[in-house]
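Numbers in this note's numbering are just positions in the sequence shown, counted from 1, shifted up by 104.
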Amino acid sequence: MSHIGPDAILSKRKSYFYPATYHFYKNPPQIVSGSMQYLYDHNGKKYTDFFAGVSVMNCGHSNPEILQDTIDQLSQLQHTTTLYLTQPMVELAERLAAVLPGDIKRTFFCVTGSEANEGAMALARLHTGKSGFIALTGGLHGRTYLAMSVTGLPMWRIDDNLNKEKVFFIDRPYSAETGYEAAMAKSLAQLDAVLEAHGSEICAMLAEPIQGNGGIIKYPGNYLNEVKTRLEKYGVLLIVDEVQTGYGRTGKMFAIEHYDVVPDIMVTAKALGNGIPISTFSTTDAIAASFNRSSASTFGGNPVAARTAVSVLNYIEKHDLVRKADELGKYLREKLEQLSSDFIQEIRGCGLMLGMQIQSPRLDLTSAEITDMILEGMKDRDFLVGKNGWNRDVVAFQPPLVISKEDIDAMTSALSEVLRLL
Ligand SMILES: Cc1ncc(COP(=O)(O)O)c(C=O)c1O
C-alpha cells in the first residue's frame with residue numbers, strides 16, 4: 105500500500121472525524137507497520153514502542169507465532185455467533201478458567217473493555233437485586249453510559265447528565281500531598297460511610313487493581329483486602345477491572361494477584377487479543393447462576409478472536425512473559441530511578457506498567473506541557489512512550505512484554521538526554 109503521509113491523514117481526520125479525536129505529538133509520524141516491540145513509519149524510521157497501543161500488544165506487534173493461528177482461523181471460519189457450536193470459544197473459556205483467580209471459572213465474551221464492564225455491572229445487579237455502584241476517583245471504566253458513570257476521571261466523563269444518584273465515589277487511596285497511608289485511611293472511612301448509609305442499595309464496587317489512565321496508581325498492599333472485607337458485610341460484590349493490567353503486564357498474570365484478594369467478577373480485554381478485539385467478564389458458578397436471561401453478543405467469542413486469544417495465552421506461557429515482565433519491570437524501574445532530574449516527582453507501578461510523575465520546577469510551563477515535551481523529544485529519538493494521569497502529566501512505560509534489556513538501556517539513555525535538555 106502506498107502511504108499518504110501524516111499531513112494528508114491529519115487533514116482527512118480534520119474533515120471526517122469529530123473534534124473529540126486527538127493525537128499524540130506536534131509532528132506525528134504515520135505508523136505503517138510493526139514487528140514485535142518495534143514500529144515503523146512512512147519513511148521507514150524505526151521506533152521502539154514503550155506504550156503497546158495502551159497496554160494491548162503484550163506479545164508484540166504482528167507476532168508471527170500468533171499471526172499464524174489468526175490467519176489459519178481466518179481462512180477456515182471467520183464468524184458464526186454463539187448460536188452455533190464452534191471450538192475456539194470453549195477452548196478459550198476453559199483456558200481462562202485455569203488462570204483466573206479463586207473459583208472464577210465462567211466467562212461471557214464481548215468485544216471492548218467498556219462493553220465487558222457493562223456486562224459485569226448488569227451481572228452484579230441481577231445477582232444482588234440491587235442497583236447502585238461504588239467507584240474510585242481517578243478510575244476509568246469506559247465510554248458507554250454506565251461505564252462512564254462509574255469513571256472517576258473528569259476528562260473521560262464527557263456528558264454532564266451521567267447517572268449520579270446510583271454511583272457513590274470514594275477517594276482513591278493515593279495523595280501526593282498526604283501520602284498513601286493517610287489517603288487509604290480516608291478512602292476506607294468514606295467507604296464505611298457510604299456502606300452504612302446506602303449498603304442496602306449498592307450491588308457492586310468497581311476498581312482497577314492499578315489505575316492506568318489515572319496515572320499508574322498502585323494501592324497500598326492491604327487496601328483491596330480491607331475493601332473486600334467491608335463490602336462482604338453488606339452483600340456488595342467487588343468487580344475488578346483488569347482491562348489494562350491483565351495478561352502479564354504487571355509481573356503477575358493479573359494485577360489483583362499483587363493484593364491477595366479474589367474478586368467476585370473480573371473484567372479483561374485489551375491484551376487478551378493482542379490487537380484483535382475481545383473482552384470478557386468472568387465469575388464463579390454461584391454468581392453466574394443469576395445471569396440466566398437470554399443474552400448474546402454478535403461478535404463476542406468470534407472464532408478469529410477466540411483462536412487468537414488462545415494463541416496469546418499459549419505464547420505468554422511458552423515464552424514465560426509473566427516472569428519476564430516482572431524481571432524487566434524491576435530493571436526498568438531501577439534505570440528510571442537512577443535518572444536524576446528536577447522534573448521527576450515519583451516513579452510508580454510495577455512490572456512493565458510504570459509511570460513517571462512529572463512536576464514543573466519552571467513557572468512558565470505546566471507539568472502537562474513538560475510531559476508533552478518529553479513525549480516529543482523521545483519520539484524524535486525513536487522511542488514512543490505514553491502519557492496518562494489526572495492532569496495528563498505522567499509519562500507511561502507500558503511496552504510489549506517482549507522487549508529486551510538493551511531496549512530499556514537505549515530508552516533510558518535517550519530519556520536522560522531529553523530530561524537534561526528541558
Ligand atoms: C481500565 C480500563 N477499563 C476500561 C477501558 C475501556 O476499554 P475500551 O476502550 O476497550 O472500551 C479502558 C480503556 O483504556 C481501561 O483502561
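Note that beta-carbon positions come from the ideal geometry of N, C-alpha and C, so glycine has one too.
Closer than 7 Å: GLY247 CB and nearest ligand 1 heavy atom: One point to set straight first is that residue 247 is Arg, not Gly, in the sequence displayed. Yes - ligand 1 has a heavy atom lying nearer than 7 Å to the Cβ of ARG247.
MET515 - containing alpha helix (DSSP H), residue span: 509-524
Pair within 8 Å by beta-carbon distance, VAL365 and LEU417: no
Contact test: ASP486 Cβ vs ligand 2 heavy atom, cutoff 7 Å: In the structure shown, ligand 2 is absent; the only ligands present are ligand 1.
Close-in-space but distant-in-sequence residues of the same chain around ILE274 (CB under 7 Å, 5 per side omitted): ILE238, LEU240, SER291, GLN294, LEU295, VAL298
Supposed close pair LEU244, TRP260 - CB separation, criterion 8 Å: 6 Å
Proximity test, PRO158 beta-carbon vs ligand 1 heavy atom, cut-off 7 Å: In the sequence as presented, Pro is not what sits at residue 158; that position holds Val. At least one heavy atom of ligand 1 is nearer than 7 Å to the Cβ of VAL158, so yes.
Identity of the residue in GLU330, GLY350, GLY233 nearest GLY455 by Cα: GLY350
Contact set for GLN407: own chain, Cβ-Cβ below 6 Å, skip 5 residues either direction: According to the sequence displayed, residue 407 carries Pro and not Gln. So the list reads GLN177, LEU181, THR190, PRO192, once near-sequence residues are dropped.
Residue closest to LYS150, alpha-carbon to alpha-carbon, out of ASP111, ALA156, SER137: SER137
Residue interval of the alpha helix (DSSP H) (run including ASP430): 425-442
Contact between the region 129-147 and the region 495-512 (3+ Cβ pairs under 8 Å): yes
For VAL499 and ILE462, believed in contact at Cβ under 8 Å, the rounded distance: 6 Å
Under the three-state DSSP convention, the category ASP296 falls into: helix
Opening and closing residue of the alpha helix (DSSP H) in which GLU269 lies: Segment: none, GLU269 is in no alpha helix (DSSP H) and carries neither H nor E.
Distance between beta carbons of ARG247 and SER279, contact taken as under 8 Å: That belief does not hold up - the Cβ atoms of SER279 and ARG247 are roughly 27 Å apart, past 8 Å.
Exposure of PHE272, with buried meaning 16 or more beta-carbon neighbours within 10 Å: buried
DSSP state of ARG199 mapped onto helix, strand, coil: helix
Delimiting residues of the alpha helix (DSSP H) encompassing VAL416: 407-422
Check: ALA373 C-beta below 7 Å from any heavy atom of ligand 1: yes
Cβ-heavy atom distance, ASN317 to ligand 1, below 7 Å: yes
Option nearest LEU488 by Cα separation, candidates HIS127, ASP468, ASP368: HIS127
7 Å Cβ shell around HIS302 - same chain, five flanking residues per side excluded: GLY236, PHE272
Status (buried if at least 16 other CB within 10 Å, exposed otherwise) for ARG427: exposed
GLU312 CB to nearest heavy atom of ligand 1 below 7 Å: yes
Every unbroken alpha helix (DSSP H) inside the region 145-215 [4 residues or more]: 156-159, 168-180, 191-203
Per DSSP, the bridge partner or partners of VAL371: ASP345, PHE385
Stretch-stretch touch, CB-based, cutoff 8 Å, three pairs: the region 219-228 with the region 378-398: yes
Identity of the residues DSSP links to ILE306 by a beta bridge: GLY236
Residues of its chain near GLU346, where Cβ-Cβ distance is below 8 Å and the 5 sequence neighbours each way are ignored: GLU312, PRO313, PHE358, ALA359, ILE360, MET370, VAL371, THR372
CB contact flag (PHE522, ILE478, <8 Å): Here the sequence assigns Val to residue 522, which means Phe is not the residue at that position. Yes, the Cβ-Cβ distance between VAL522 and ILE478 is below 8 Å.
Limits of the unbroken alpha helix (DSSP H) element including VAL331: 327-337
Helix, strand or coil at ARG353 [DSSP, three-state]: coil
Same chain, Cβ closer than 6 Å to SER445, neighbours up to 5 away in sequence not counted: LEU523
Assumed close pair LYS374, SER159 - CB separation to whole angstroms, cut-off 8 Å: 6 Å
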